[in-house]
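Student:
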Amino acid sequence: MAVLKVIEVLANSDKGWEDAAKQAVAQASKSVKNIKSVYINEQSATVKDGKMDNYRVNVKITFEIK
800 MAVLKVIEVL
810 ANSDKGWEDA
820 AKQAVAQASK
830 SVKNIKSVYI
840 NEQSATVKDG
850 KMDNYRVNVK
860 ITFEIK
């Protein structure tokens with residue numbers, strides 16, 4: 800039986816939500832091992848001059864504890 804833990808991570812990107820999620824996983828993987836999945840919990844963006852300029856995600860990252 801595996802024991803899993805979930806952490807919540809906030810990340811942003813000027814390229815898009817997918818890139819923000821990738822950055823969240825990349826940053827978390829520097830200190831967390833055995834990441835199994837990521838769940839996009841929430842998405843938002845800021846708007847500047849009528850255009851979206853900063854994409855934000857709130858993700859839940861699941862990893863196995865050994």
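According to the numbering used here, the residues represented by the sequence shown are 800 to 865, in order. Ideal Cβ placement from N, Cα and C applies to all residues, glycine included.
Spell out the partners DSSP gives glutamine 842 in its beta bridges.
Tutor: Numbered from its first residue, the sequence shown carries residue 842 at position 43. Note: glutamine 842 sits in a beta bridge opposite Val856.
Student: Quick one: using the 10 Å Cβ neighbour count with 16 as the cut-off for buried, is isoleucine 860 buried or exposed?
Tutor: The residue labelled residue 860 in the question sits at position 61 within the sequence shown. Isoleucine 860 should be labelled buried.
Student: Express the C-alpha separation of aspartate 848 and leucine 803 in angstroms, rounding to a whole number.
Tutor: Counting from 1 along the sequence shown, the entry for residue 803 is found at position 4. Counting from 1 along the sequence shown, the entry for residue 848 is found at position 49. Near 43 Å, if we compare the C-alpha coordinates of aspartate 848 and leucine 803.
Student: Tell me the rounded alpha-carbon separation between valine 856 and valine 824.
Tutor: Here residue 856 is taken as the residue at index 57 of the sequence shown, counted from 1. Here residue 824 is taken as the residue at index 25 of the sequence shown, counted from 1. In a straight line, the C-alpha of valine 856 is about 11 Å away from that of valine 824.
Student: Can you tell me whether alanine 810 is helix, strand or coil according to DSSP?
Tutor: What you label residue 810 is simply residue 11 of the sequence shown in a count that begins at 1. Reduced to three states, the DSSP call for alanine 810 is strand.
Student: How many angstroms separate the CA atom of alanine 801 from the CA atom of phenylalanine 862?
Tutor: Taking the first residue of the sequence shown as 1, we reach residue 801 at position 2. Taking the first residue of the sequence shown as 1, we reach residue 862 at position 63. Rounded to the nearest angstrom, the two C-alpha atoms are 10 Å apart.
Student: Taking all protein chains shown into account, decide if valine 858 is buried (16 or more other Cβ within 10 angstroms of its Cβ) or exposed.
Tutor: The residue labelled residue 858 in the question sits at position 59 within the sequence shown. So valine 858 ends up on the buried side.
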